[in-house]
Amino acid sequence: MPEQAGFCGKLPARGDFIRRGLSETLVSCWDNWVARNLAYTHTVITQDEWIKGWVIAPLWRLSLPAGYLSEQPVSGLIMPSIDKAGRYFPFFAGVEGISAAINTGSFWHEMEHACRDALMHTIEPDELFLQLQNIPAPEETSCMTEQGLWMTEGNNTIPAQTLTYQELPEQELFAKLFWA
71 MPEQAGFCGK LPARGDFIRR GLSETLVSCW DNWVARNLAY THTVITQDEW
121 IKGWVIAPLW RLSLPAGYLS EQPVSGLIMP SIDKAGRYFP FFAGVEGISA
171 AINTGSFWHE MEHACRDALM HTIEPDELFL QLQNIPAPEE TSCMTEQGLW
221 MTEGNNTIPA QTLTYQELPE QELFAKLFWA
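In structure tokens:
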């Protein structure tokens, strides 16, 4: 895994934001995008429905071209999470500099497994960071377009699907990632 592998967001083991291995540019863009869109979702989804949807929302794989979150392409995953204080915020783990094929390779399965372990309190953030460094680099795709690719295996309320966006999904499109 390249040196740029890392993560940011919230995990139940910590009381605030955590970050390892990602550029300041990516983390700043990520935080602004997520905060803006979470605020929007609270205006259109009732609190009860928001929490019910969040706790069962699926994990999404993403492969984004340069310019979306960073000067480089970004490949990784986003999953709903919560911190030790009970505040909801997604967790992102990924790698900068690679446009990865989102439906193949052990990269995705190993990354998902490690992140789910962190979400379930079975590993600490520092151990997660070390695990991410040992995951083989994802298979790069030569057909990366100017669109961002998003894929989920779905759950009981959101079907398995692959989506493409010309930019980061905002408002209603963001909400559809987590709430049916």
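Under this note's numbering, the first residue of the sequence shown is numbered 71, with each subsequent residue one higher.
Heads up, the beta-carbon is just placed ideally off N, CA and C, and yes, glycines get one too.
Measure from the alpha carbon of residue i to the alpha carbon of each residue in the options, then state which is nearest.
i, options, result
"Tyr235", "Ser98, Glu216, Gly123, Pro229", "Glu216"
"Phe161", "Phe77, Ile168, Trp249", "Phe77"
"Ala184", "Ile172, Ile168, Ile205", "Ile205"
"Gly156", "Pro195, Phe87, Thr227", "Phe87"
For residue i and residue j, which I take to be in contact (beta-carbon distance under 8 Å), what is that distance rounded to the nearest angstrom?
i, j, result
"Ser133", "Ala170", "5 Å"
"Asp187", "Pro82", "Incorrect: roughly 12 Å between the Cβ atoms, too far for contact."
"Pro128", "Gly224", "6 Å"
CB residue i to CB residue j, shorter than 8 Å?
i, j, result
"Ala230", "Ile115", "no"
"Glu182", "Leu92", "no"
"Met221", "Leu189", "no"
"Gly79", "Ser151", "yes"
Can residue i be considered in contact with the ligand FAD, in the sense that its beta carbon sits closer than 7 Å to one or more heavy atoms?
i, result
"Ala155", "Because no ligand of any kind appears in the structure shown, any question about the ligand FAD cannot be addressed here."
Give every residue of the same chain whose Cβ lies closer than 7 Å to the Cβ of residue i, excluding the five residues on either side of it in the sequence, and list them in chain order.
i, result
"Glu141", "Thr95"
"Trp103", "Leu238"
"Ala136", "Gln142, Pro143"
Among the residues of its own chain, which have a CB less than 8 Å from the CB of residue i, if the five just before and after it don't count?
i, result
"Trp130", "Leu147, Ile148, Met149, Trp220, Met221, Thr222, Leu247"
"Gly123", "Ile115, Thr227, Phe248, Trp249, Ala250"
Under 6 Å Cβ to Cβ from residue i, same chain only, skipping five residues before and after it: list those, please.
i, result
"Leu233", "Trp220"
"Gln201", "Ala184"
**Message:** Below 8 Å, how does it come out for the stretch 201-212 and the stretch 176-184: are there three or more Cβ pairs, yes or no?
**Reply:** yes
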